[in-house]
Structure formats: C-alpha cells, structure tokens
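This report concerns only the one structure given below.
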Amino acid sequence: MTKRHIELTEKLWDYVLNTSLREPPLLRRLREETARLPMGGMQIAPDQGQLMALLARLIGARRCLEIGTFTGYSALVLALALPPEGRIIACDVNPETTAIARRYWAEAGVDSKIELRLAPALATLDALLADGQESRFDFVFIDADKENYDGYYERGLRLVRPGGLIVIDNVLWSGWVADHRRKDAETAALRALNAKLHRDERIDLSLLPLADGITLARKR
Ligand code: CA
C-alpha cells in the first residue's frame, strides 16, 4: 500500500514540538523529575497530554476515570483542562509513584479534583459499577498493566456515557504488535485488543500512531 503519511524525521518532530507544544512549567518539572526515575519511560509524552486535554474539552468532560496514574502527569494535564467542578478518579497500586503525583497535584491546586484510589483497578472499576456509576463518566484513560487491558476496556465501556471517550495508551507497544516473532503476554494482549476494537460495533474508532500508539474509542 502507498504510504500516505508524512515521514517524521527528528528535525520535523522537533519542529512540531517547537511550534505546537504548550506545556505549563509545572507539568514540565513533573515530567523531568519522572524521567529520572528507573521507570520514567512509562510516563506519557507531553504532546499526548496536550491532545488528551483538548479531547476532554471537546467533549465537555466533567467526570474522568484514569486507570494507571504513575507519577500523575496525565491526571494533572486532564485536571487542568477540566472545569472547576470537574473530577477525576485515578486508579493505581503504587504508593511511591503516586506520592509524587499527589505532591504536584497539590502544588497545581487541583488536588481536590482528583480522587486517588490505591487498589487493583479492576476491583475499583467493579466497585464503581456496583455503586451505580454505569454511563456516568465522560472520559476514560487506560494506561496500566497491558494484560488486563481488555478487562479495563470492557468495564470502561460500561462506565463511560454514550458519546464519551476512551483513550487507550501504548497500543503499538514499540511496534511489537506488528512483529509476529513477539509472543509475550503483553504484546499478545494488546494485539488481541486492537483486533477486537477494529470490529467492535459499540464504538467509533481511531488508532493514532502518535507516541507509543493511542487508540480513541467513542462510545456509540
Ligand atoms: Ca503508557
């Protein structure tokens, strides 16, 4: 098939960031602090954060759900984009990385917008469903352990309202999803979810080859 996308050289990518990235100093500081951690590569790219903030505003998001918080960059960029009454439920299991998150949320003055739930996310999502929260969320961001992505997606799809958006991170997984020599469980889980979403009539779909691959799924 003919390539219809522009070749993204380092030089062009620098141009894209230099002429479009609007990262507030506090977010930049959090990103730089996180980059020094052993698992710093797990945090989202700043341009991705800017896109997510734009999408949240486009759909008028008020209630957000984040699955996988790490050091809090994505929750912070979303919280800053939400109206004053906006709320985020953030799911993670790591008290150390989320302590960094809490420090930056407080410094940004958005800590009252973000409720951190330190527990396995599947249990938190099941508790929200049991609590009658079906279709109560506008925006769901999935960025936790890849082997549970299908479970997060199915629960997220019930929790998000029709017209709401699910954003799924790392769907290209360093390109390994298209490398059939890779048979590890994480790659297999992402490959299976990508294939499932392709034919999933419950959503409108776009897979963006940005960052490590971002899927946008709008609930019909
Ligand atoms: Ca990620």
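In the numbering used here, the protein residues as written are 46 to 265. All C-beta atoms, glycine included, are put in the ideal place defined by N, C-alpha and C.
Reduced DSSP category for residue i - H, G, I as helix; E, B as strand; rest coil
i    : result
G131 : coil
A80  : helix
L235 : helix
P207 : strand
I104 : coil
L99  : helix
K158 : helix
S180 : coil
A262 : strand
E141 : helix
D214 : strand
L62  : helix
E55  : helix
E199 : helix
E192 : helix
L110 : strand
Pairwise C-alpha distance: residue j and residue i
i    : j    : result
E111 : I134 : 6 angstroms
R102 : Y198 : 22 angstroms
R81  : L75  : 10 angstroms
W58  : N215 : 19 angstroms
A126 : G85  : 24 angstroms
T260 : E152 : 31 angstroms
P207 : A234 : 26 angstroms
L66  : L163 : 31 angstroms
L72  : L238 : 31 angstroms
V113 : Y194 : The sequence given here places Gly at residue 113; Val does not occur at that position. Approximately 11 angstroms, taken between the alpha carbons.
L210 : T79  : 27 angstroms
Q88  : A175 : 30 angstroms
R236 : E192 : 11 angstroms
Y60  : G117 : 27 angstroms
Whole-Å CB distance - residue i paired with residue j, under 8 angstroms assumed
i    : j    : result
D257 : L217 : 6 angstroms
L123 : C109 : 6 angstroms
R107 : P128 : 7 angstroms
*asked:* Under 8 angstroms, with one C-beta from each stretch per pair, do the stretch 195 to 214 and the stretch 165 to 185 reach the 3-pair mark?
replied: A contact between stretches requires three or more CB pairs, one per stretch, nearer than 8 angstroms, and the stretch 195 to 214 meets this requirement with the stretch 165 to 185.
_Contact the stretch 89 to 96 vs the stretch 148 to 159: 3+ CB pairs below 8 angstroms_ = Fewer than three Cβ pairs drawn from the stretch 89 to 96 and the stretch 148 to 159 lie within less than 8 angstroms of each other, which leaves the two stretches out of contact.
_For review: beta carbons within less than 5 angstroms of any heavy atom in ligand 1_ = Near ligand 1, meaning a beta-carbon closer than 5 angstroms to one of its heavy atoms, we find D188, D214, N215.
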